[in-house]
Every structure is written in C-alpha cells, then in structure tokens.
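Asker: For the sequence shown, numbering that gives the first Met the number 0 begins at 0 and goes up steadily by one. Below: one structure in structure tokens.
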Amino acid sequence: MWCRMSGVSTVTTTDRVPLQAWLPTMLTLAAIWGCSFLFISVGVRELHPLYLALGRVVAGSLVLVIILAAKRESLPREPRLWVHSFVVGAVGSAIPWTLFGYGEQRIPSLLAGIWNGITPLVVLPIAVLIFRTETFSVQRVLGLMVGFGGMLVVLGAWNVQGGADLTGQALCMLAAVCYGFAVPYQKRFIAGTTLSGTALSASLLICATVQLAVVAPIVTREAPPVPWSLSIEVLGSVIALGALGSGLAFVLSLRNIRLIGASRSSMVTYLMPVFSILVGVIVLHEHITWYQPVGALVVLLGVAVSQGLLRNPRRKPALAAEASAA
C-alpha cells in the first residue's frame, strides 16, 4: 500500500486507504494537539517558552525510549536518518513549540490553536513544488480554500489589532509555517524507512532535546528550573505536552503520513481549533464570539471537501459502469 519513495509521488495510492483506517487517528490527534495549547498557556505562566519546549521534548523522548525498550526496538542506526531527524527536530518541534510559547504569552490559547490551522495551506504547495510527494487537484485546492476561509472567520480577521495581539498572532503563524515545511520533509526523507514510527519519533525528539538544551541557556541566560520548584499545574502541563502531545501524537502522526500522505494528514490542523476553542472556553474561561463556532463549521466543510467526503454517491458506480463498458 505504501512503499519507499525515490522521488516518485505515491499520492495515487492514498485514495485507496479506507476512511476507517486513518480518520479515528486523525480525530485523536486533533484532540491531543488541540488541548496542547491549553497546556502551553498554563506552562508559560512559570516557564520561559524555551524551557517549556525543552521540558516537552525531554518528557516525550523519555516516553518513547521506554516504549522502545519494552518492545526491544532500537533507535535508527543510519547517519542519514539522524541528519534528517535533526532537521525535522528543529523545524517540526524545537522552533514551532518555542514560537507558540512566545505567542501564548500575548494571545489566548484558543487563538493560537486557530492559527495552527493554516498548516495545510503551507504543506500542499511545498509538498508539490519542492518535495514532489503530492499532486494538485481541483478538489484539494477547493477544500483548502474553503478551510482557509473558515479559519479567517474563526479568527475574526476584520478585528485584528496591533501591538502584542498582532505580534502573538504573527509568532503563531510562523510556527504553523514551520509545520508546513516539516510534514512533507518527513514524508519525503523519513517516512519511507522500515523502522517503526516509535523509533523515528524518538530520534526526532532526541535531536530537538539536544538543540534546545544548547540554545535555551544561551538565550535565557539562566539555568533551567528544577521540577520541584514548579506548581502541580505547570509540571502536569509539561508532562502532558511531552507524553501525549509529543510522544504518542508523533507516532500517530507518522502513521497517518505513511497512510494518506503529507497534505492530507496535515488536515488534522483544521480540526484542532475546534478542540482548542472548547478547552480554552471551558477550562481557561477565555472569551468566544459568535463567528468562531460558525467559522469552525466552515473549516469542517473544507475538510470534508478536500477529503472527498461530499462526493456524489451515484458518481462512483457510474464511473465503474463506464470503465466496464469501455
């Protein structure tokens, strides 16, 4: 169903993957990553964004290494894979997670989650034009356009103000752009190996850990705080971000990338704002306006269009009959 790539797109095989094989995983990822913005908002109350990101990758690395040990699997041994893991560790973990931390010092968590939804808009052109792991289609482009329109409605783009609010949104947007590069990069250079998703995800987080362990003390000019100096809420948020948002979610994400491709798997970011809005309002009591749930419905419509869930059910039998007659 999926084979190692050598510069040839495998997008034609993704349409054959049954919906039940990847949709439950996508919904689980949307819930985990949507709630991550809540944990980031709590974490930056006591931690510098760089140290919050460092704590996240350390916790995620430990979880995955323990799983590898239990399964008696090893980390990648090819130097080539570690080079690619170093790139994805930076662009897909260390940099965006730090940027979201800085952003959520200035804007609500639900708004940060909403900005994460532009990722597919970056993934598709990069995957098609640079890595050549996907192809354009009218349906995909239309779905992305509808989804992006929904994102603008959820955001309330006509109400954007300057100052800290605009800076925070720009930082979160830049983080989403990093994701947009990392997803097709994984598809092109990492996902085609025979190693398990756990081993590959562990290598990414280990590389991100090394990067942040070097950069964080230099930028902050202070030593990392000891765990027992943190409140229970902040410590729990770091553990949740690492164990769930990094450890488990990385394995699930790589599975979907292998099954349905980079651009389709990135559509999870269109579902994440639904969860980030819910937990932001319910747990953090953040303000929600009428256009945010309306925009969320438009986002879901864009997902349905891009995934072909709104196709005419009579169309497929008709095509089969035409092919049979031919």
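Glycine included, each C-beta is placed from N, C-alpha and C at the ideal position.
From S200 to Y50, what does the alpha carbon distance come to, in whole angstroms?
Answerer: The residue given as residue 200 occupies position 201 in the sequence shown. The residue given as residue 50 occupies position 51 in the sequence shown. Those two C-alpha atoms are separated by around 20 Å.
Asker: Going by the beta-carbon positions, is the gap between R105 and G167 smaller than 7 Å?
Answerer: Locating residue 105 in the sequence shown gives position 106, counting from the first residue. Locating residue 167 in the sequence shown gives position 168, counting from the first residue. The Cβ atoms of R105 and G167 sit closer than 7 Å to each other.
Asker: Taking the alpha-carbon positions, what's the G149 to W227 distance?
Answerer: In the sequence shown, the residue the question calls residue 149 occupies position 150. In the sequence shown, the residue the question calls residue 227 occupies position 228. Rounded to whole angstroms, G149 to W227 spans 43 Å at the Cα level.
Asker: From what residue to what residue does the alpha helix (DSSP H) around V250 run?
Answerer: As a working mapping, residue 250 is identified with position 251 in the sequence shown. For V250, the enclosing alpha helix (DSSP H) has its first and last residue at A248 to I259.
Asker: Taking the alpha-carbon positions, what's the L283 to F36 distance?
Answerer: To locate residue 283, count along the sequence shown from 1; it is residue 284. To locate residue 36, count along the sequence shown from 1; it is residue 37. Their backbone Cα atoms lie some 11 Å apart in a straight line.
Asker: Using only the alpha-carbon positions, how far apart do E45 and P292 sit?
Answerer: For the purposes of this step, residue 45 is identified with residue 46 of the sequence shown, where counting begins at 1. For the purposes of this step, residue 292 is identified with residue 293 of the sequence shown, where counting begins at 1. Cα to Cα, the separation comes out at about 31 Å.
Asker: Among L128, G279 and L53, which residue has its Cα nearest to the Cα of S245?
Answerer: Position 246 of the sequence shown, counted from the start, is the residue given in the question as residue 245. Shortest Cα-Cα distance from S245 to any of L128, G279 and L53 involves L53.
Asker: Does DSSP put S5 in a helix, a strand or coil?
Answerer: Reading the sequence shown from its first residue, position 6 is the one you call residue 5. In this prediction, S5 has a pLDDT of 32, which is less than 50 and means its spatial position is unreliable; what the coordinates show is noted afterwards. Reduced to three states, the DSSP call for S5 is coil.
Asker: For I125, which option in S230, G196, L110 and Y178 has the closest C-alpha, if you only look at C-alpha atoms?
Answerer: If you number the sequence shown from 1, residue 125 lands on position 126. Nearest option by C-alpha distance: Y178.
Asker: To the nearest angstrom, how far is it from the Cα of L203 to the Cα of E103?
Answerer: The residue you call residue 203 lines up with position 204 of the sequence shown. The residue you call residue 103 lines up with position 104 of the sequence shown. Rounded to whole angstroms, L203 and E103 show a C-alpha spacing of 24 Å.
Asker: Under 8 Å, with one C-beta from each stretch per pair, do the stretch 81-90 and the stretch 12-26 reach the 3-pair mark?
Answerer: no
Asker: Tell me where the alpha helix (DSSP H) around Q19 begins and ends.
Answerer: For the purposes of this step, residue 19 is taken as residue 20 along the sequence shown, with counting starting at 1. L18 to G42 is the span of the alpha helix (DSSP H), which, as asked, contains Q19.
Asker: What alpha helix (DSSP H) runs, 4 residues minimum, are completely inside the stretch 164-237?
Answerer: 196-219
Asker: With a threshold of 16 other CB atoms inside 10 Å of the CB of P107, please say whether the residue is buried or exposed.
Answerer: Stepping through the sequence shown from its first residue, residue 107 is reached at position 108. It counts as buried.
Asker: In chain order, what residues of the same chain lie with their CB nearer than 6 Å to the CB of V278, ignoring the 5 residues before and after it?
Answerer: Translated into the one-based positions of the sequence shown, residue 278 becomes position 279. If we look at V278 and ignore the five residues flanking it on each side, its Cβ neighbours are C34 and L37.
Asker: Is DSSP giving L318 helix, strand or coil here?
Answerer: Looking up residue 318 in the sequence shown gives position 319. With a pLDDT of 36 at L318, under the threshold of 50, the modelled position of this residue cannot be trusted; read the value that follows with caution. The answer is helix: DSSP assigns L318 an H, G or I state.
Asker: For the stretch 22-30 against the stretch 257-269, are there 3 or more C-beta pairs whose distance is under 8 Å?
Answerer: yes
Asker: From which residue to which residue does the alpha helix (DSSP H) around R79 run?
Answerer: Here residue 79 corresponds to residue number 80 of the sequence shown, with the count starting at 1. Its alpha helix (DSSP H) spans residues P78 to G88.
Asker: Please state the DSSP three-state secondary structure of F135.
Answerer: Translated into positions along the sequence shown, residue 135 becomes position 136. Of the three classes helix, strand and coil, the one that applies to F135 here is coil, per DSSP.
Asker: So the candidates are A295, S264 and L80; which of them puts its Cα closest to the Cα of S195?
Answerer: Within the sequence shown, residue 195 is the residue found at index 196, counting from 1. The option with the nearest alpha carbon to S195 is L80.
Asker: Figure out for me which residue from V176, A295 and T197 has the closest Cα to the Cα of L120.
Answerer: Counted from its first residue, the sequence shown places residue 120 at position 121. Measuring from the Cα of L120, the nearest candidate turns out to be V176.
Asker: Please classify S265: does DSSP put it in a helix, a strand, or coil?
Answerer: Working through the sequence shown from its first residue, we reach residue 265 at position 266. DSSP places S265 in coil when its eight states are reduced to three.
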